[in-house]
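The next block holds one structure in the form of structure tokens; read it before the comments.
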Amino acid sequence: MRDGFVIVVPALRVEGMALFPFILVKHESLKYDEILLRHERIHLRQELELLVIPFYMMYLLHYLYNLLRYLDSGKAYLNIVFEKEAYAKEAETDYLQRRKFWAWLNFC
9 MRDGFVIVVP ALRVEGMALF PFILVKHESL KYDEILLRHE RIHLRQELEL LVIPFYMMYL
69 LHYLYNLLRY LDSGKAYLNI VFEKEAYAKE AETDYLQRRK FWAWLNFC
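Numbers 9 to 116, taken from the numbering used here, label the letters of the sequence shown in order.
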């Protein structure tokens, strides 16, 4: 899954999204954006660790909790524990090779 299954979806409302086992990107050029792809690959690993469906449930619940807490959708999104890990580590080229199981817990 080094390159993953990257699919261009022009109707996507965001630049990229991990939807196990795919990475969806808004534009063809984003298929070559290593930082974006690494960010999404971190999410794929998180999804796999949590057996996919529980990941999506936890992601949504954490977003809703943050929305109530911050009353701001942008802050709610950025403070989802899974996003915190992905943003913090997306620039580290070897991160997925050395990442520990359930590393997202370090970002709670």
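Every residue gets a Cβ at the ideal spot worked out from N, C-alpha and C, and that includes glycine.
Original post:
Looking at the unbroken beta strand (DSSP E) that takes in L44, where does it start and where does it end?
Top reply: Indexing the sequence shown from 1 puts residue 44 at position 36. Taken as a continuous stretch (DSSP letters only), L44 belongs to no beta strand (DSSP E), being part of the alpha helix (DSSP H) at E42 to E57.
**OP:** Pull up the distance between the alpha-carbon of L27 and that of E57, whole angstroms please.
**Re:** By one-based count along the sequence shown, residue 27 stands at place 19. By one-based count along the sequence shown, residue 57 stands at place 49. The alpha-carbon atoms of L27 and E57 are separated by roughly 14 Å.
Original post:
Does the separation of the CB atoms of K39 and L20 fall below 9 Å?
Top reply: Translated into the one-based positions of the sequence shown, residue 39 becomes position 31. Translated into the one-based positions of the sequence shown, residue 20 becomes position 12. No, these two residues do not count as a Cβ contact at 9 Å.
Subject >> Between the CA atoms of E55 and K97 - distance to the nearest angstrom >> reply: Stepping through the sequence shown from its first residue, residue 97 is reached at position 89. Stepping through the sequence shown from its first residue, residue 55 is reached at position 47. Approximately 16 Å between the Cα atoms of the pair.
Original post:
Out of I88, R77 and L79, which has the shortest C-alpha to C-alpha gap to Y64?
Top reply: Along the sequence shown, read from residue 1 onward, the residue named residue 64 stands at position 56. Closest option to Y64, Cα to Cα, is I88.
Original post:
Do you know offhand how far M9's Cα is from Y73's?
Top reply: Position 1 of the sequence shown, counting from 1, holds the residue named residue 9. Position 65 of the sequence shown, counting from 1, holds the residue named residue 73. Note that M9 has pLDDT 45, beneath the 50 cutoff, so the model's placement of it is unreliable and no number is given.
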